[in-house]
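Chains as they are written, first to last, in my numbering: chain A, 626 to 996; chain B, 17 to 442. Backbone N, C-alpha and C fix where the C-beta goes; we use that ideal spot for every residue, glycine too. Because the structure is a prediction, the values reported are computed rather than measured.
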Amino acid sequence: MSVSTDSELEELRAAVRGFLDAKSSEEAVRKAMDSTPRFDPLVWTQLADQLRLPALTIPEEYGGDGFGLVELGVVLEEMGRVLLCAPFFSTVVLGVRTLLACGDHEARARWLPGIAAGRVTATLAAAEDSGSWDAAMVSTRAVPSGEGWTLTGRKSFVVDGTTADLILVVARTTAGPSLFAVDRGAPGLSAEPMDALDATRALARLNLEAVPARLVGGEGLAGRTMSQVLDTASVALGAEQAGGARRCLEASAEYARNRYQFGRPIGSFQAVKHMCADMLVQVELAEATAREAARLADEGGPEFPVAAATAHACCSRAFVFTALENIQVHGGIGFTWEHPAHLYFRRAKSSQLLFGGPAVYHERLLDRLGI
Amino acid sequence: MEQDLQAFTAEVRAFLDRHAAKAPDRTAFTWGEGDDSMAYFSAETPEVERRRVQQARDWQRTRHQNGFGWITGPARYGGRDLTPIHDLLYDAVEAEYDVPDTGTLSVVGLGMIGPTILAHGREHIKDRWLPAMYRGDALACQLFSEPGAGSDLAGLETRAVRDGDGWIVNGQKVWTSVAHHSQIGLLLTRTDPDAPKHRGITAFLVPMDAPGVEVRPLRQMTGGADFNEVFLTDVRIPDDHRLGEVDGGWTVALTTLMNERATVGSEGSGPVAAALSPQRLAALMRATWTWDDRALRARLAELLVDAMATGHLNALASRKLRAGITPGPERSVSKLMYGRNLTRAAHFVADVLGPRAIADTGQWGTYAWSELLLATPALRILGGTEEIMKNILAERVLGLPKEPGVDTRSPFRELRRSGAGQGGTE
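Take a look at the structure:
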């Protein structure tokens, strides 16, 4: 795996920020939120062609650039700052991490080069109506059919589920939860968008009726794969959340410096000042946990699972907190549709709850600590 | 720079390997075994305390003999002429070893007062005291806070009046750590009450054995006495013991306060580190049959998230340090979180213990936590209250404007004050 120096990471950050400043303005985000699909396909193509971001973490043997979670974290912090609407989290985090964790060389060789080139998008369909990402809770069934399998059941909260070319589905065989690959155009598959709190990240429900599928990895191994995927996806999501939280802090500090009431900037009042300081504390902690967890992942440190659970909890809280305080610092204007503050609050709350929310991630942390 | 730091680190390690053992893992423990003390403040007899101060002096002497007595100081006074990064790096490496705690010398005296004397003292003062301090011979204390001047230090009222070639000082200082072991004190006085408060202050170096200096232990809410009150009654100080200009003492005080530093990675040391160890807290829940209480488990998880997040912040700062980057706001954030984390841990444990936190049943590792419970309110106050720390973060990091105040322009004499120096009833 390639490892970047601090200055290389800063170059990467500058390049991604420059690109996103041009392509993901607030206006562009609002436009994408109301479009079908919920992103600009042209921007996705440019993201692949100009910056090779889908290839970033894919090993070189599959046509990628072989970087790790540290570099991915830098990219996601930047994407989180501007609420980029793109199938990046679904494809590069959920899709690629699942393929890398599944232990199936053939599946990797089939799908990763297309993803690296930006031609294929992917996602992971694990949760069902309960919203649990625990593979043991899956009721979608897989039965053998000829040389392959067919899947029957229903999946919910599937990120970019209506647009992903490759859908990795967790379904139950007689051996237990297993992972399958389904093509978007497969017969028996229907996908409909879910009405969602955060319109910048599309969620879908999938109905599967005897959908032909290909087994990925061994039968009954999805539990182990999912556990690894959730660890790395938590850290990746944490970076995105930290980026969003930093942006909320910056917006609040800027407003507090420039908004005058009672003849002085509101940031000179301690009540407001201390809100901003509390936001800064949360942002510093969030960035530290996400970056340290990413480093531990790339170094293969044994503390990684604990660090991942810590980052997930810390970054979730930080983003929800800063998004809410950002509205409060802005006062009435912060509660309007026109102001972007609600877009961050929607993203923050959705990200916090996507993988189960506090009750789940707190127990996951204690579990990783052996408590 | 990075190469130089690596060489320096290697030198520090070689020195420590020769003179000290590696620190034991303080978080590893078995329920019911060993010391269960959770005292943040010392609860020692004066005799034990004197012995500890002697050990601290001896270790400082060893550092000094090996070139680590004053890493950032000039060679002329026994220093090493290296950067603050070397200094912090030394601390980070030393934290891995089991060495005497030198806090009584280093936090205030060597860390803050030494650099102030260097910047503002006359030559004879520097020659007399600096080598002695960094050799471990002389201890120094900071005579700053007063009953009427806490967060607002510039509101101090201890008066110094000209008397020939010297000054006569009257007043009272408070929260003075180490005063009872100190040979010298850095003293701030009011010399011009008609000037705005920052412009009528003068700083002196006062020998603690000067007639009229009386040190009394101040008993804090834990029951112990870790700090002192210092009463100054007609204390005569020669003018050549003045630091900086007459009425220019605020500049001197700023030098001192700028040198107050949060030590990176220090949260991992000391017996209190155990308070935040997941294993220890889990063992306590097992021992009290609260293991599967969902409400307590959620609180435990929240607590551990913050404790580990603070650890990651410190790790990040240490890594920056090794790469030659001076840590930024994460140091203030660490200080805030340190107090918050310990406070939450103490209250979490108290709630787990229930009645066993309010009276001693004799069971190991239970009532002992009450010491931490009583100590934690101090952590939101000492070294700058939480509110002042937040002002600093908001103003210096986020660029928010200062609160407009009348107190910086009016003559000090005209300000409303709530000090003891206003002649209240006895």
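Quiz item: Given 8 Å as the limit, is there contact between the region 218-225 of chain B and the region 249-269 of chain B, that is, 3 or more CB pairs closer than that?
Solution: yes
Practice problem: Could you check which residue in Asp820(A), Thr799(A), Gly892(A) has the C-alpha nearest to that of Gly415(B)? | Solution: Gly892(A)
Quiz prompt | Per-residue burial, Thr342(B) [other beta carbons within 10 Å of its own, 16 or more giving buried] | solution = exposed
Practice problem: May I have the straight-line CA-CA distance separating Glu696(A) from Ser629(A), to the nearest angstrom? | Solution: 8 Å
Self-check item: Same chain, Cβ closer than 8 Å to Phe980(A), neighbours up to 5 away in sequence not counted
Solution: Trp758, Leu855, Ala858, Ser859, Leu862, His937, Tyr986
Quiz prompt | Val836(A), DSSP secondary structure in three states | solution = strand
Quiz item: Are the region 756-771 of chain A and the region 709-724 of chain A touching, with three or more C-beta to C-beta distances below 8 Å?
Solution: no
Self-check item: Nearest residue (CA-CA) to Arg830(A), options Leu814(A), Ala932(A), Gly845(A), Ser803(A)
Solution: Leu814(A)
Quiz prompt | Extent of the continuous beta strand (DSSP E) run through Pro147(B) | solution = Taken as a continuous stretch (DSSP letters only), Pro147(B) belongs to no beta strand (DSSP E), being part of the alpha helix (DSSP H) at 139-150.
Practice problem: Go ahead and label Pro927(A) buried or exposed: buried means 16 or more other beta carbons lie within 10 angstroms of its beta carbon, across all protein chains shown. | Solution: exposed
Quiz item: By the criterion of Cβ-Cβ separation under 9 Å, what are the contact partners of Glu950(A) in chain B?
Solution: Within 9 Å Cβ-Cβ: nothing; Glu950(A) doesn't reach chain B, min ~13 Å.
Quiz item: What first and last residue would you give for the alpha helix (DSSP H) that runs through Leu104(B)?
Solution: 100-110
Practice problem: Run through the region 267-348 of chain B for me and flag every whole alpha helix (DSSP H) of 4 or more residues, listed as ranges in chain order. | Solution: 294-303, 310-338
Quiz item: Applying the criterion that 16 or more other CB atoms from any shown protein chain within 10 Å of the CB defines a buried residue, is Gln885(A) buried or exposed?
Solution: Here residue 885(A) is Tyr; the residue named in the question, Gln, does not match the sequence. That one is exposed.
Quiz item: Rounded to whole angstroms, how far is the Cβ of Leu793(A) from the Cβ of Ala867(A), which I believe are closer than 8 Å?
Solution: About 26 Å; that fails the 8 Å criterion.
Quiz item: Using a Cβ-Cβ cut-off of 7 Å (strictly less than) and excluding sequence neighbours within five positions of Gly281(B), which residues of its own chain qualify?
Solution: Only weak support exists for where Gly281(B) lies, its pLDDT of 41 falling under 50; the coordinates are left without a value.
Self-check item: chain A contact for His214(B) (CB, 9 Å cutoff)
Solution: no
Quiz item: Exposed or buried, His140(B), counting other C-beta atoms within 10 Å across all chains shown (16 or more means buried)?
Solution: exposed
Quiz item: Of all Cβ atoms in chain B, is any one closer than 9 Å to the Cβ of His987(A)?
Solution: yes
Quiz item: If you check the beta carbons only, do Arg744(A) and Val784(A) fall under 9 Å apart?
Solution: no
Exercise. At 9 Å on the CB atoms, spell out the chain B contacts of Pro890(A), in chain order.
Key: Leu416, Pro417
Exercise. Give a yes or no on whether the minimum CB-CB distance between Glu702(A) and chain B is below 9 Å.
Key: no
Practice problem: Would you list the one or two residues that DSSP bridges to Tyr113(B)? | Solution: Lys38(B)
Exercise. Would you mind reading off the limits of the alpha helix (DSSP H) that contains Asp646(A)?
Key: 631-648
Quiz item: In whole angstroms, what separates the C-alpha of Pro393(B) from that of Ser976(A)?
Solution: 35 Å
Practice problem: Flag Ile958(A) as yes if its beta-carbon sits less than 9 Å from any beta-carbon of chain B, otherwise no. | Solution: no
Practice problem: Could you check the C-alpha separation between Val841(A) and Lys780(A) for me, to the nearest Å? | Solution: 18 Å
Quiz item: Shorter than 9 Å from the beta carbon of Ile683(A) to some beta carbon of chain B?
Solution: no
Quiz item: Ends of the alpha helix (DSSP H) at Ile133(B)?
Solution: 130-136
Quiz item: By how many angstroms is the C-alpha of Arg372(B) removed from the C-alpha of Thr935(A)?
Solution: 31 Å
Quiz item: So is Asp225(B) buried or exposed if we call it buried at 16+ other beta carbons inside 10 Å?
Solution: exposed
Exercise. Determine the DSSP secondary structure at Ser770(A), reduced to helix, strand or coil.
Key: strand
Quiz prompt | Alpha-carbon to alpha-carbon, Trp774(A) and Ser803(A) | solution = 11 Å
Quiz prompt | Neighbourhood of Val262(B) by C-beta distance below 7 Å, restricted to the same chain and skipping five residues each side | solution = Thr207, Thr218
Exercise. Report the three-state DSSP secondary structure of Gly357(B) (helix, strand or coil).
Key: Sequence check: residue 357(B) is Asn here, not Gly. Helix, per DSSP.
Practice problem: Would you please verify whether the beta carbon of Val246(B) is less than 9 Å from any beta carbon of chain A? | Solution: no
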